[in-house]
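**Student:** With our numbering applied, the sequence shown covers 5 to 254. Could you have a look at this structure, given as structure tokens, before my questions?
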Amino acid sequence: MGMCLMTSHGRNHSFTLIELLVVITILMILAALLLPALGRARAKAKSTLCVAQNKEIAHGFTLYSSDFDGYLPAYKSDTSWPPKKVFYTNALHKAGAILVDKWNNENWGMTSSGIWLCPGVNDPTYYQQGGTEVYAGGGYGVETSHVIRIAKYHRMSDFTRPNEVWLIGDTWTNGANTAAHDPDHMYTNYAFLCGVTGSYHPDWLHIPYPAQPAPRHLERVNNAFIDGHVETNKWSFFYDNPNVFAHNGL
């Protein structure tokens with residue numbers, strides 16, 4: 005049975021089942037072509053926003069340093085346990101450099117509020133580490149082996165290659181028994197150790213492996229450098245790279 009339409013001359017024109025199937029097939033093909041492009045466009049928009057947020061966070065670090073004789077904040081200002089508002093996020097907030105509207109846990113410096121939440125982090129479970137929101141962060145982290153260290157401080161002027169050294173950017177870590185780079189089982193993290201061969205964590209590729217740069221934007225990582233500029237690179241750019249983490253010196 006076909007569908008009938010009246011023509012301008014009052015005659016019926018029948019669409020056969022085959023013709024309808026052809027139209028449906030064409031529409032399905034168009035949808036299949038357009039949906040991936042739309043998905044990629046959305047992912048690109050999130051990456052663009054992430055880049056802007058990294059720039060804003062880097063600017064916050066610069067503001068902080070200008071008020072503290074050129075010094076950047078430490079990852080933690082002391083080694084007390086349990087920690088109490090001693091993390092770099094706490095320091096930036098207290099100085100008015102990057103204000104936090106809402107803390108997940110202020111003592112641990114954990115927030116996924118405002119610019120601290122990466123747009124590429126979609127699922128609230130990604131904010132969890134260790135199975136509890138106490139350790140929740142928004143997806144950006146610093147390198148703590150050489151750059152933003154525990155109870156040790158660098159001046160901005162200490163860096164001889166400020167355009168090459170990681171300041172902050174996309175970071176994640178795996179859950180227990182999670183395959184490397186399985187995005188469905190990655191947790192946000194707020195810090196990581198240098199992954200250069202011979203350092204404390206020599207290999208990011210094996211299980212268990214530590215926190216590391218997160219290629220969550222079309223398989224690329226967004227991060228700000230000490231000088232404040234932001235780049236988007238593949239994960240392989242960071243793997244075993246001594247320059248970007250100041251492994252061989254600032």
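Backbone N, C-alpha and C fix where the C-beta goes; we use that ideal spot for every residue, glycine too.
Using alpha carbons as the reference points, say which of P123, G124, K98 and K89 lies closest to N108.
**Tutor:** As a first step, residue 108 is located in the sequence shown; it is residue number 104 there, counting from the start. Here the closest residue by C-alpha is K89.
**Student:** From the DSSP output, read off the bridge partner residues of E235.
**Tutor:** In the sequence shown, the residue the question calls residue 235 occupies position 231. DSSP output for E235 lists N227 as bridge partner(s).
**Student:** Give every residue of the same chain whose Cβ lies closer than 6 Å to the Cβ of N227, excluding the five residues on either side of it in the sequence, and list them in chain order.
**Tutor:** The residue you call residue 227 lines up with position 223 of the sequence shown. These residues qualify, in order along the chain: W170 and G173.
**Student:** If I follow the unbroken beta strand (DSSP E) through Y144, where does it start and stop?
**Tutor:** Position 140 of the sequence shown holds residue 144. Y144 -> beta strand (DSSP E) spans Y144 to E147.
**Student:** Rank A49, P246 and L31 by C-alpha distance to the C-alpha of S149 and give the top, closest one.
**Tutor:** For the purposes of this step, residue 149 is taken as the residue at position 145 of the sequence shown. The option with the nearest alpha carbon to S149 is P246.
**Student:** Name the DSSP beta bridge partners of K80, please?
**Tutor:** Translated into positions along the sequence shown, residue 80 becomes position 76. Looking at the DSSP assignment, K80 forms a beta bridge with F91 and I154.
**Student:** So for D73, helix, strand or coil by DSSP?
**Tutor:** The sequence position of residue 73 within the sequence shown is 69, counting from 1. Note: D73 maps to coil in three-state DSSP.
**Student:** Once you ignore the five residues that flank N193 on each side, which residues in its own chain have a CB closer than 7 Å to its CB?
**Tutor:** For the purposes of this step, residue 193 is taken as residue 189 along the sequence shown, with counting starting at 1. Answer for N193: Q133, G141, G145, T175, W176, T177 and A215, listed in chain order.
**Student:** Do N167 and F229 have their C-beta atoms within less than 8 Å of each other?
**Tutor:** Taking the first residue of the sequence shown as 1, we reach residue 167 at position 163. Taking the first residue of the sequence shown as 1, we reach residue 229 at position 225. Going by C-beta atoms, N167 is nearer than 8 Å to F229.
**Student:** Count the other CB atoms, across all protein chains shown, that sit within 10 Å of the CB of I33; report buried if there are 16 or more and exposed otherwise.
**Tutor:** Locating residue 33 in the sequence shown gives position 29, counting from the first residue. By the 10 Å Cβ count, I33 comes out exposed.
**Student:** Output yes or no for whether 8 Å exceeds the beta carbon distance between F91 and W112.
**Tutor:** For the purposes of this step, residue 91 is taken as residue 87 along the sequence shown, with counting starting at 1. For the purposes of this step, residue 112 is taken as residue 108 along the sequence shown, with counting starting at 1. Yes, they are a contact pair.
**Student:** Less than 7 Å between C-beta atoms, sequence neighbours within five positions excluded: which residues of the same chain meet that for F242?
**Tutor:** Along the sequence shown, one-based indexing puts residue 242 at 238. The residues are P217, V225 and V248.
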